[in-house]
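Chains A and B supply the protein sequences, listed in that same order.
Heads up, the first sequence is in our numbering, so the first residue is 20 and it goes up one at a time.
Heads up, the second sequence is in our numbering, so the first residue is 1427 and it goes up one at a time.
No residue lacks a Cβ here, since even glycine has one placed at the ideal position from N, Cα and C.
Report on the structure given below.
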Amino acid sequence: MKEIRIHARAGQGAITTASLLGYAYFLKGSCPYAFPSFGAARMGAPMNAFVRVDSKPVRLRSQIYEPDYLIIVDHTLMRGYNCFSGLKEDGIAIINGKEEQVQIPKVKPKQKVFVVPANDIALKHIGRPLGNTALLGAFCAATGELSLDDLNSAIKHRFAAKLQEGNIKAAQEGFDFVTHKTKEKVR
Amino acid sequence: MKELLEGSMAVAEIVKLCKPGVISAYPITPQTHIVEDLAQIVADGRLNAQFVNVESEHSAASVVLGAVAAGVRAYTATSSQGLFYMAEVLYNIAGMRLPVIMTTAARAISAPINIWNDHQDVVSLRDAGWIQFHAEDVQEAVDLHLIAYRLGEDKSIMLPVMVCMDGFVLTHGLETVDMPTQEQVDKFLPSYKAPYKLDIENPLTLGPLVDPEYYTEARYALNQTHKEALALIPKLTAEFAKLFGRTYNGLVEGYQLKDAEKVIVAMGSVCGTIKEVIDELRSKGKKAGLLKITCLRPFPINEIYDALKNIPKVAVVDRALSVGSFAPLAAEVKAVFFGKTKKPQNISSFVVGLGGRDITKDSIKEIFRLLNGKEKQTEFIDLKPELLKESYD
Chain A
20 MKEIRIHARA
30 GQGAITTASL
40 LGYAYFLKGS
50 CPYAFPSFGA
60 ARMGAPMNAF
70 VRVDSKPVRL
80 RSQIYEPDYL
90 IIVDHTLMRG
100 YNCFSGLKED
110 GIAIINGKEE
120 QVQIPKVKPK
130 QKVFVVPAND
140 IALKHIGRPL
150 GNTALLGAFC
160 AATGELSLDD
170 LNSAIKHRFA
180 AKLQEGNIKA
190 AQEGFDFVTH
200 KTKEKVR
Chain B
1427 MKELLEGSMA
1437 VAEIVKLCKP
1447 GVISAYPITP
1457 QTHIVEDLAQ
1467 IVADGRLNAQ
1477 FVNVESEHSA
1487 ASVVLGAVAA
1497 GVRAYTATSS
1507 QGLFYMAEVL
1517 YNIAGMRLPV
1527 IMTTAARAIS
1537 APINIWNDHQ
1547 DVVSLRDAGW
1557 IQFHAEDVQE
1567 AVDLHLIAYR
1577 LGEDKSIMLP
1587 VMVCMDGFVL
1597 THGLETVDMP
1607 TQEQVDKFLP
1617 SYKAPYKLDI
1627 ENPLTLGPLV
1637 DPEYYTEARY
1647 ALNQTHKEAL
1657 ALIPKLTAEF
1667 AKLFGRTYNG
1677 LVEGYQLKDA
1687 EKVIVAMGSV
1697 CGTIKEVIDE
1707 LRSKGKKAGL
1717 LKITCLRPFP
1727 INEIYDALKN
1737 IPKVAVVDRA
1747 LSVGSFAPLA
1757 AEVKAVFFGK
1767 TKKPQNISSF
1777 VVGLGGRDIT
1787 KDSIKEIFRL
1797 LNGKEKQTEF
1807 IDLKPELLKE
1817 SYD
């Protein structure tokens, strides 16, 4: 079983992110359970979305406290709240932001953190600062859980026409960004 | 066909396949997505139904009452305060013997305002005369709607049925659902032919003033029909299993009960988490089990007795209160065993997950652990004592 926790503010598309992720897993033949948890029910309030995925139907209904993977859609949430709480020893975090903006907490030796300028990528391809698909592209590259094709199929299922095109490009660039970063590190 | 669907959308799809002629609802979190989706389905012409927009839940319930009274299959959905606002109409629907089907996204009750999941709304309406099903997951919620229409519209029953699904946890959760085809649904659920209806050719009064000469008998008959529903439900679920390949008992479901020494009794989505914990405990040789109550009304007294009579320690998990008394489900499970010779040594009562407080595996493990001690009465799990200090300064 893999557990993914998404940190965002209401209105930033975290539920769409979770459902795209869930759908990509579903197409692969896995059994996802994707669900949100709202705080104050209004735009801008911190909220979580979760994806729990397994080879058999997921029965566990609690929130996710020890995620394998983290997606932080809004890095300003890290100021007042420990988004990294419970991240697994070898967990991977994807943060939306620019390196110079984001204060990455001290992580454990095997944990990996990728800071991806997903909003910039989204502005370029979608025209709005909604970095979710770029982050998901980065997620695919960073975790190897899903191929970019899996993700693209989910994007095609969800979006049509121009929106689909832009989101696929954003996912690609997010994917490439992390692939490039990883290669840099290996060198 | 297997699809990944949000619980609300899955319910909207199955309702569409049941072909109600009238849908009326007023939006309330976390039920809103269901009626939004249905409104879209009707607007898109995918379902030939009248979607009646109303100004309140009281009117929504009244519209579906009227629709079924006129011989038309109808559907509504609500939650929490909306359910309470419907309350007087709901008792009328049951008393007038009208098979309205309603989804309730189970949610906490104000005050304080809380939009999250527990069972206070639906459990509070347990005496309304409605049959009440509780779903564990989205698939079961979908399937229970089909069973609900068949059951409610059965000529020997003619009762409204409420399908309860946990707000957010199921209504907003995406899960793999095996959605039946229209052909399959049509085979299981024939079109509604009302045995009585408002008809100008054959005038009829529904829900008239009934003096003390007759009232008791009307209520007695209602109560009797609930008993008859207990016998019919397993027959319908057996028929359902043949057509759809999914087996439900429809009343209760046992999980690892056979040699169990400690058993939790619960309703709704928390049963999934409990099953996970049971598997963990079993792998360590601990004999834990679950009795899931699918049907709260009618209350399956005999099935509960048979399932638990040889279990030494039982924990009843309530996600609602009967303020000032025993927790509601616990009181009823205890009543099953009052005066019986064969019975659990202890029936402990726990309250958990009120107003959306997360129920973790640890919460469930704590309940199993507490069964080692003396019988617990209305013990709150995951309570934060530091929040209970009173101060008006």
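Query                                                                                                                                     : Result
Within-8 Å CB hit, Y88 (chain A) to chain B                                                                                               : no
S1695 (chain B) at chain A interface by Cβ criterion, 8 Å                                                                                 : yes
Residues sharing a beta bridge with N1772 (chain B), DSSP                                                                                 : B:K1739
Any C-beta of chain B under 8 Å from that of R78 (chain A)                                                                                : yes
Cβ of H1598 (chain B) within 8 Å of any chain A Cβ                                                                                        : yes
C-alpha gap between V1437 (chain B) and V1759 (chain B), whole angstroms                                                                  : 30 Å
Among B:V1595, B:G1711, B:V1515 and B:V1740, the one whose alpha carbon lies nearest that of A1692 (chain B)                              : B:V1740
Three-way DSSP call (helix, strand, coil) for S1505 (chain B) in this model                                                               : coil
Among B:A1574, B:I1535 and B:Q1466, the one whose alpha carbon lies nearest that of P1724 (chain B)                                       : B:A1574
Chain A residues whose Cβ lies nearer than 7 Å to that of D1784 (chain B)                                                                 : S81 and Q82
is_contact[A60 (chain A), chain B] using C-beta, thresh 8 Å                                                                               : yes
Interface flag, T1720 (chain B) vs chain A, CB-CB below 8 Å                                                                               : no
Three-state secondary structure assigned by DSSP to E1514 (chain B)                                                                       : helix
The stretch 1680-1711 of chain B: positions lying closer than 7 Å to chain A by Cβ                                                        : S1695, V1696, G1698, T1699, K1701 and E1702
Contacts around D169 (chain A), its chain only, beta-carbon distance under 7 Å, and the 5 residues preceding and following it disregarded : A43, L46 and K47
Backbone CA spacing between E1654 (chain B) and P1660 (chain B) [nearest angstrom]                                                        : 11 Å
Rounded Cβ spacing between G150 (chain A) and V92 (chain A) (contact assumed at less than 8 Å)                                            : 7 Å
Cα-Cα separation between F1666 (chain B) and V1678 (chain B), rounded to whole angstroms                                                  : 16 Å
Within 8 Å, strictly: CB atoms of T1699 (chain B) and I1793 (chain B)                                                                     : no
Cβ neighbour criterion (16 or more within 10 Å) applied to I114 (chain A)                                                                 : buried
Through-space distance from S1695 (chain B) to P1811 (chain B), alpha-carbon basis                                                        : 26 Å
Every unbroken beta strand (DSSP E) within the stretch 135-165 of chain A, with a cutoff of 3 residues, ordered by chain                  : none
Whole-angstrom distance between A1475 (chain B) and Q1466 (chain B), CA atom to CA atom                                                   : 11 Å
C-beta contact flag for V1762 (chain B) and I1727 (chain B) at 8 Å                                                                        : yes
Short-range partners of chain B found in the stretch 35-67 of chain A, where Cβ spacing is below 8 Å                                      : A37, S38, G41, Y42, F45, C50, P51, Y52, A53, F54, P55, S56, F57 and A60
Nearest-angstrom Cα separation, counted from G1715 (chain B) out to Q1682 (chain B)                                                       : 5 Å
CB-CB length for T1663 (chain B) against P76 (chain A), believed under 8 Å                                                                : T1663 (chain B) to P76 (chain A), Cβ: 20 Å. No contact.
Any non-hydrogen atom of the ligand ATP within 7 Å of I25 (chain A) CB                                                                    : With respect to the ligand ATP, the structure offers nothing, as it holds no ligand at all.
With 16 other Cβ atoms within 10 Å as the buried cut-off, status of G1471 (chain B)                                                       : exposed
Below-8 Å beta-carbon distance, K1787 (chain B) vs any chain A residue                                                                    : yes
Terminal residues of the alpha helix (DSSP H) in which G1680 (chain B) lies                                                               : Looking at the DSSP string, G1680 (chain B) is not in any alpha helix (DSSP H); the run it does join, the beta strand (DSSP E), is V1678 to Y1681.
Cβ pair A1495 (chain B), L1524 (chain B) closer than 8 Å                                                                                  : yes
Helix, strand or coil at P65 (chain A) according to DSSP, with G and I counted as helix                                                   : strand
Within chain A, partners of T1458 (chain B) - CB distance below 9 Å                                                                       : What T1458 (chain B) touches in chain A: nothing, since even the nearest Cβ is about 11 Å away.
Spatial neighbours of D1563 (chain B) in its chain, beta-carbon cut-off 8 Å, leaving aside the 5 residues before and after                : L1596, E1601, S1695 and G1698
Nearest candidate by alpha-carbon position, reference R1552 (chain B), set B:T1631, B:L1809, B:L1747 and B:S1434                          : B:L1747
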